[in-house]
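Structure first, then comments.
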Amino acid sequence: MKKSKENSEHYFWGENCSGWHLVKSQSLSIIEESMPPNTQEKKHYHNNSQQFFRILSGKATFEIENETIEVQNGEGIHIPPKTKHRIRNDQSENLAFIVISEPTTRGDRYDIGE
1 MKKSKENSEH YFWGENCSGW HLVKSQSLSI IEESMPPNTQ EKKHYHNNSQ
51 QFFRILSGKA TFEIENETIE VQNGEGIHIP PKTKHRIRND QSENLAFIVI
101 SEPTTRGDRY DIGE
């Protein structure tokens with residue numbers, strides 16, 4: 001089955017951020033997400049899940065452990081399990097990206113409280 005935002009389950013998260021489940025299973029999650037300007041998620045980690053973020057448009061700022069990394073449109077970044085991280089959109093335009101999690105992060109997210 002062809003998948004797009006138009007035929008995928010939609011949800012809201014954070015401050016007016018959106019996600020669309022392109023693949024939603026226990027072993028694999030692929031989500032297209034959109035973050036408005038000046039938004040961020042809570043810093044967290046996953047015990048079992050590894051993630052790969054691929055930026056579709058805009059520029060993402062990642063806090064990974066104690067390092068800040070900017071990832072441009074067309075680039076990606078891998079987050080291994082047990083790695084403290086968060087994504088931010090510090091720009092004045094929307095940020096769009098794909099996040100692939102293996103296995104799914106459902107039930108495997110631990111917020112740090114920052």
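Mapping of the sequence shown onto UniProt numbering: residues 1 to 114, in sequence order. All C-beta atoms in this analysis are idealised placements derived from N, C-alpha and C, irrespective of residue type, glycine included.
Hey, how far is the Cα of Thr61 from the Cα of Glu75?
12 Å
Find the nearest neighbour of Arg86 within the set Gln26, Ile69, Ser57, Tyr11, judged by alpha-carbon distance.
Ile69
Please look up how many angstroms separate the CB atoms of Gln50 and Arg88, rounded, as I've assumed it's under 8 Å.
In fact, because the Cβ distance is near 20 Å, the residues do not count as touching under 8 Å.
- Secondary structure at Asn73, three-state DSSP: helix, strand or coil? coil
- Leaving out five residues before and five after Asn73 in sequence, what residues of the same chain have Cβ atoms less than 8 Å from its Cβ? Ile55, Leu56, Ser57, Gly58, Lys59
- Message: Assuming contact is defined by CB atoms lying nearer than 8 Å, are Pro81 and His46 in contact in what I supplied?
- Response: yes
Given this structure, state the Cα-to-Cα distance separating Ile77 from Asn94, to the nearest angstrom. 19 Å
When the Cα of Gln26 is compared with those of Gly113, Ile112, Ser101, which residue comes out closest? Ser101
### Message
Once the 5 residues before and after Asp108 are set aside, which same chain residues still bring their CB inside 8 Å of it?
### Response
His46, Asn47, Asn48, Ser49
| Just how far apart, CA to CA, sit Glu65 and Asn38? | 21 Å
TODO: State yes or no: is the C-beta of Cys17 within less than 8 Å of the C-beta of Glu33?
DONE: yes
>> To the nearest angstrom, how far is the alpha carbon of Glu67 from that of Phe52?
In response: 17 Å
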